[in-house]
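Encoded as structure tokens, the structure appears first; notes follow it.
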Ligand SMILES: Cc1cc2nc3c(=O)[nH]c(=O)nc-3n(C[C@H](O)[C@H](O)[C@H](O)COP(=O)(O)OP(=O)(O)OC[C@H]3O[C@@H](n4cnc5c(N)ncnc54)[C@H](O)[C@@H]3O)c2cc1C
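Residue numbers (my numbering): 2 to 598.
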């Protein structure tokens, strides 16, 4: 089975959305999924609804035979073969197909972690960096679920600072390797058959190895007692002089960081997609509960305070979903039609590493917001185990910690853009200089925001956000120069602004595109996008003020703040009415505004 990449997405450089205008028709959206994508999505939904969700209790009691059986079932359905080249028996489908699958797998967070450990953290690094022999040996059995995989990067002393690992690899006289050390918090650790393990050759050269459980000297520690994800195995992995054949080095010696980072680049995007699916499901659950729960003689869904929550949950989810699909379209457009070679895929993931980090941070934080409000809408029932709201809430918390913490990802977002600018790959520096000349001159009108076409106002507001980002980044580069990375608070404010730009623009472009095709739900798309942009304007203003005040004072700060006011002249809109309309729509459907209920 093959699917063509989304024909409407044009290949664009990662991060170029900050400087360029993107026509709505260029952006991939859920509405543009092909019939093949939809078939994949339906297959996954049926699998999750009929086989995974009913198994959750047993998975939570650590029934790892069942976890294995479910992975095998996912293999039978082709869900593990999506990224694997056809020559190894895979389907080599586009990222939109992966997205359609992981969004739905995400509904069962524990199983999604097991699935992610297999598909994203074991199969994917083998596809990207494996030799033909390694692929031939391991991929077919990983795709069927005969082998379960795990990815062992973290150690007790090195999580965020993963390259500081202490696990050692020593070359033996016959060319094989001896690995010793201890890995921590490894998903699928209790029952995996195959591990991608990172160790330092001679304590120095960070390298990835393929290690079979059958190799003597490897063992799993005790299951961790976790806040959530009780249905997913997390253990330490102990390595005592484990003998690994010479042919089991993955990638090059000393280049383990490439394996680790490229795997994470995709994992972050994929996690964002899982979070988007989780948000949609929680909105459905909250809407149904709000419709049937009566207080003061009426359904709680009729109260403005509850409508506010449902409307806001919907608007944020809409932006998240839009940015995740847009990113899938960008990666697919860069990759072109199959067959895909591992190095080309790694390059495409690297190109959109900024967008992947944005998907991870926005996804995990929007999901936490949505699940918190889901508990609140359920009241006391949200806090007890009879309803799934409390489990969703606990299960989601780790999303802000793994695949690179959100703090680390926030530092990476502006950091990667600035690095590209300094290498001359992104004309950010001249754009920031031009803007500085423009906005610091009080005579320059930056445009009012009158009401014209659909979402024209919001397009102008997003353009203003971009100017704000350039102002903050430009001032930061001038103020701190090479020491900018030491100023984490300012870098994090800049990241928040960049996240809001990409999310707002993705939502607005999608809603414009839907409006032009006269979809019956077009009004809901427009309202979701308008609510999101309106709220984003307040966040962007606040982040920019805090960042500028950290870098300047006195007259300089006053001039910068006056320029900020001129640039960011957004009139508030009646988001109360729009949130009510969104809430009424989700309550009427018993589901998120678009897609299968
Ligand atoms: C359920 C679960 C499953 C996991 N699965 C896997 C797996 O399959 N494979 C694997 O290899 N790992 C896995 N992990 C480990 C996970 O990736 C790490 O926990 C994560 O990378 C954070 O590392 P840490 O826990 O050491 O926190 P630390 O790095 O100690 O961070 C603690 C705090 O300090 C902040 N911080 C750290 N460095 C900086 C800095 N430079 N600047 C600013 N702030 C900083 C962090 O953001 C965080 O808030 C899993 C963890 C959990 C909980």
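Beta carbons are placed, not taken as given, at the ideal position from N, Cα and C, and that holds for glycine.
CB-CB length for residue i against residue j, believed under 8 Å
i: residue 219; j: residue 135; result: Going by Cβ atoms, the distance from residue 219 to residue 135 rounds to 18 Å, so no, they are not a contact pair.
i: residue 429; j: residue 264; result: Residue 429 to residue 264, Cβ: 27 Å. No contact.
i: residue 367; j: residue 276; result: 7 Å
i: residue 190; j: residue 237; result: 7 Å
i: residue 528; j: residue 582; result: 5 Å
i: residue 287; j: residue 374; result: 7 Å
i: residue 531; j: residue 574; result: 6 Å
i: residue 328; j: residue 403; result: So it is not a contact: roughly 19 Å between Cβ atoms.
i: residue 261; j: residue 198; result: Not confirmed; about 11 Å, so no contact.
i: residue 284; j: residue 294; result: Their Cβ separation, rounded to whole angstroms, is 16 Å, which puts residue 284 and residue 294 out of contact at 8 Å.
i: residue 305; j: residue 122; result: So it is not a contact: roughly 44 Å between Cβ atoms.
i: residue 486; j: residue 416; result: 6 Å
i: residue 183; j: residue 240; result: 7 Å
i: residue 411; j: residue 496; result: 4 Å
i: residue 427; j: residue 14; result: 7 Å
i: residue 147; j: residue 266; result: Not confirmed; about 28 Å, so no contact.
i: residue 63; j: residue 225; result: Not really, about 11 Å apart at Cβ, beyond 8 Å.
Contact check, residue i vs residue j, beta carbons under 7 Å
i: residue 422; j: residue 471; result: no
i: residue 332; j: residue 349; result: yes
i: residue 307; j: residue 292; result: no
i: residue 315; j: residue 587; result: yes
i: residue 414; j: residue 499; result: yes
i: residue 159; j: residue 166; result: yes
i: residue 551; j: residue 492; result: no
i: residue 396; j: residue 257; result: no
i: residue 568; j: residue 505; result: no
i: residue 116; j: residue 78; result: no
i: residue 163; j: residue 193; result: no
i: residue 41; j: residue 120; result: no
i: residue 561; j: residue 553; result: yes
i: residue 361; j: residue 273; result: yes
i: residue 46; j: residue 326; result: no
i: residue 68; j: residue 60; result: yes
i: residue 243; j: residue 195; result: no
i: residue 456; j: residue 512; result: yes
i: residue 323; j: residue 508; result: yes
i: residue 359; j: residue 494; result: no
i: residue 149; j: residue 202; result: no
i: residue 282; j: residue 176; result: no
i: residue 343; j: residue 534; result: no
i: residue 390; j: residue 383; result: yes
i: residue 538; j: residue 563; result: no
i: residue 376; j: residue 280; result: no
i: residue 458; j: residue 25; result: no
i: residue 338; j: residue 86; result: no
i: residue 16; j: residue 355; result: yes
Check: residue i C-beta below 6 Å from any heavy atom of ligand 2
i: residue 152; result: In the structure shown, ligand 2 is absent; the only ligands present are ligand 1.
- List in chain order: all unbroken beta strand (DSSP E) runs of 3+ residues lying wholly within the stretch 178 to 225. 178 to 188, 195 to 202, 206 to 213, 219 to 221
- Query: Which residue spans inside the stretch 133 to 168 form an unbroken beta strand (DSSP E) run of at least 3?
  - Reply: 150 to 153
- Message: If contact is defined by three or more beta carbon pairs under 8 Å, each pair taking one atom from either stretch, is the stretch 95 to 102 in contact with the stretch 325 to 342?
- Response: yes
- Task: At 3 residues or longer, and completely inside the stretch 16 to 45: list those beta strand (DSSP E) runs for me, N to C.
- Result: none
- Do the stretch 66 to 76 and the stretch 44 to 55 make contact, defined as three or more Cβ pairs closer than 8 Å? yes
- Message: Does the structure place the stretch 179 to 189 close enough to the stretch 228 to 246 that three or more beta carbon pairs sit under 8 Å?
- Response: yes
- Does the pairing of the stretch 105 to 113 with the stretch 382 to 401 give three or more beta-carbon distances under 8 Å? yes
- Task: Please go through the stretch 469 to 534 and give each complete alpha helix (DSSP H) segment of 4 or more residues, from N-terminal end onward.
- Result: 489 to 517
- Query: Would the stretch 296 to 312 and the stretch 140 to 153 be scored as touching if the rule is three or more Cβ pairs under 8 Å?
  - Reply: no
- Task: Could you tell me which uninterrupted beta strand (DSSP E) segments, each at least 3 residues in length, are contained entirely in the stretch 364 to 436, listed from first to last along the chain?
- Result: none
- Inside the stretch 54 to 120 only - beta strand (DSSP E) runs reaching at least 3 residues: none
- Which runs of the alpha helix (DSSP H) spanning at least 4 residues fall entirely within the stretch 337 to 365, listed in chain order? 343 to 352
- Query: What are the start and end residues of each continuous beta strand (DSSP E) run of 3 or more residues lying completely inside the stretch 223 to 295, in chain order?
  - Reply: 235 to 245
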